[in-house]
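Novice: Numbering (this note's numbering), first residue to last: 9 to 435.
All C-beta atoms in this analysis are idealised placements derived from N, C-alpha and C, irrespective of residue type, glycine included.
A quick note: this is a predicted structure, and the numbers were derived from the prediction, not measured.
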């Protein structure tokens, strides 16, 4: 049967579950398109993973985490607590099914199709971010000075060569900087032992991801939408379709519901008989308000691929991936490793006064593709979660495509590669 809201006159009422950057960008486009939008989240807008990411906006990041040969890296993931991706022993049984899917996604043909899908989703991401921020008067949040990756030598680079080739195939412009002097022409304070730099001039970054999320949230309200601090306990259904969301205060009816609850999305889908292999990539950062060095753009030492990102409130070192679920406390050692990554490139940096280590939950699927689009088994339900480390990058284009699909005109994105139904037995 129809929901109460569906039979009421006027614009459609749409609930967005989740006030992270993906949900907020979706809500912004829906409100801009004339819908009556209600965003529900138990926490403040942008206060989760959206606040603590590295700030990178990387439309060219089309290479999935699982690349050919990843099977050889699994033992290191399990056994090396200092590795870029670590799975602690207590979590091995829980992670095993996800890892099997992860390894399966690394087949060359599958990698090629994943890259095609990501390229279609992320195309024009910077322009989409600019569109929102221009209308909200906050273009100062975007820095377009590129990104710089550092390798110790060509041998060090070789382990990532396949991923870089894939990015270049999809249009990423890469400038190779040979020798330390060439690197220092871009980043004079880089004093580490790196002899090869890859400069990506057309990528950018946010100088304050939390403020960016807050700006978008204010934009939703400016456009007539509502953001309410309320934890969603269930997606409400009746008669084979979705009719709204349940909170501790009761039912909130809606014509359509967008699930953008990040790493918590799987818990809300499970009662509907939908199981997705969603894991949380527990990412960390540390902030240095006065590092005593100048960093002009995100710099990424390739050892553990931590991002050293200049922010308007200091220097942020962010990265690493740890599996550990939603409920286990942070691992301080993971955050401390980030200071080692900083010292590798900028040994003269001052680390005194480092602000409290931060940990957030990045929602990650084994094929590196988000779940995006309608759920066929439940009319009225749409998904927008699972962007992994591309949450900020993919938020604006995902929101634009989803809003067009819901309100029209038809989107220029094929949702098929991102459908929840791609997971066997998901529905």
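If the criterion is Cβ atoms closer than 7 Å, does the pair residue 293 and residue 326 meet it?
Specialist: Taking 7 Å as the Cβ cut-off, residue 293 and residue 326 qualify as a contacting pair.
Novice: Which residue or residues does DSSP assign as beta-bridge partners of residue 83?
Specialist: Looking at the DSSP assignment, residue 83 forms no beta bridge with any residue, so it has no partner.
Novice: Evaluate the contact criterion for the segment 407-417 versus the segment 150-159: three or more CB pairs, one atom per stretch, below 8 Å.
Specialist: Too few Cβ pairs lie closer than 8 Å, so no.
Novice: Please determine if the segment 64-73 and the segment 396-406 are in contact, where contact requires at least 3 C-beta pairs separated by less than 8 Å.
Specialist: With a cut-off of 8 Å, the segment 396-406 and the segment 64-73 count as touching, because enough Cβ pairs lie within range.
Novice: How is residue 131 classed by DSSP in three states: helix, strand or coil?
Specialist: Residue 131 falls in the coil class under three-state DSSP.
Novice: Among 100, 375, 371, 59, whose alpha-carbon lies nearest the alpha-carbon of residue 73?
Specialist: Nearest C-alpha to residue 73: 375.
Novice: Out of 104, 271, 128, 169, state which residue places its alpha-carbon closest to the alpha-carbon of residue 310.
Specialist: Residue 310 has its Cα closest to that of 169, out of 104, 271, 128, 169.
Novice: May I ask you to report which of helix, strand or coil DSSP gives residue 418?
Specialist: The answer is coil: DSSP assigns residue 418 none of H, G, I, E or B.
Novice: In three-state terms, what does DSSP make of residue 211?
Specialist: Note: residue 211 maps to coil in three-state DSSP.
Novice: Run through DSSP, which three-state label would residue 110 get?
Specialist: Residue 110: helix per DSSP, three-state reduction.
Novice: Under a Cβ-count criterion, where at least 16 other Cβ atoms within 10 Å of its own Cβ denotes burial, should residue 110 be classed as buried or exposed?
Specialist: The residue is buried, with at least 16 neighbouring Cβ atoms inside 10 Å.
Novice: Throw me the rounded Cβ distance for the residue 395 and residue 289 pair, which I believe falls under 8 Å.
Specialist: The pair is not a contact, with the Cβ atoms about 10 Å apart (cut-off 8 Å).
Novice: Between the beta-carbon of residue 392 and the beta-carbon of residue 30, is there less than 7 Å?
Specialist: In this structure, residue 30 lies closer than 7 Å to residue 392 by Cβ.
Novice: Measuring only the C-alpha atoms, how far is residue 258 from residue 285?
Specialist: Taking the straight line joining both Cα atoms gives about 29 Å.
Novice: Determine which residues share a DSSP beta bridge with residue 21 and list them.
Specialist: According to DSSP, residue 21 bridges with 44.
Novice: Below 6 Å, is the gap between the Cβ of residue 62 and the nearest heavy atom of the ligand ATP?
Specialist: This structure does not include the ligand ATP; it has no bound ligands of any sort.
Novice: Short of 6 Å in beta carbon distance, which residues of its chain neighbour residue 47, apart from the five on each side in sequence? Order them along the chain.
Specialist: Closer than 6 Å at Cβ, skipping near neighbours: 24, 27, 35, 235.
Novice: I'd like to know whether the C-beta atoms of residue 300 and residue 358 end up nearer to each other than 7 Å.
Specialist: Yes, these two residues count as a Cβ contact at 7 Å.
Novice: Confirm, please, whether the CB-CB distance from residue 212 to residue 144 is below 7 Å.
Specialist: It is not a contact, given that the beta carbons lie outside the stated cut-off.
Novice: Below 8 Å CB to CB, which residues in the same chain sit around residue 362 once its five sequence neighbours on both sides are set aside?
Specialist: Correct list, in chain order: 294, 295, 296, 347.
Novice: Among 421, 430, 427, 407, which residue has its Cα nearest to the Cα of residue 41?
Specialist: Checking every option, the nearest Cα to that of residue 41 belongs to 407.
Novice: For the segment 75-95 against the segment 326-335, are there 3 or more C-beta pairs whose distance is under 8 Å?
Specialist: A contact exists between the segment 75-95 and the segment 326-335.
Novice: Could you give the residue range of the beta strand (DSSP E) that holds residue 164?
Specialist: Segment 162-166 is the alpha helix (DSSP H) holding residue 164; no beta strand (DSSP E) there.
Novice: Would the segment 172-188 count as touching the segment 201-219 if we require 3 or more Cβ pairs under 8 Å?
Specialist: Yes, they touch.
Novice: If we ignore side chains and look at the alpha-carbon of each, how far apart do residue 32 and residue 381 end up?
Specialist: Taking the straight line joining both Cα atoms gives about 16 Å.
Novice: Going by C-alpha distance, which of 365, 124, 158 is nearest residue 174?
Specialist: Among 365, 124, 158, the Cα nearest to that of residue 174 belongs to 124.
Novice: For the candidate residues 319, 355, 338, whose alpha-carbon lies nearest to that of residue 61?
Specialist: The shortest C-alpha separation from residue 61 is found at 319.
Novice: Measuring CB to CB, does residue 249 end up less than 7 Å from residue 387?
Specialist: Yes.
Novice: Can residue 355 and residue 199 be called in contact, C-beta distance under 7 Å?
Specialist: Against a cut-off of 7 Å, the Cβ pair of residue 199 and residue 355 comes out as a contact.
Novice: Hey, residue 203 and residue 161: beta-carbon distance below 7 Å or not?
Specialist: For residue 203 and residue 161, yes; Cβs fall inside 7 Å.
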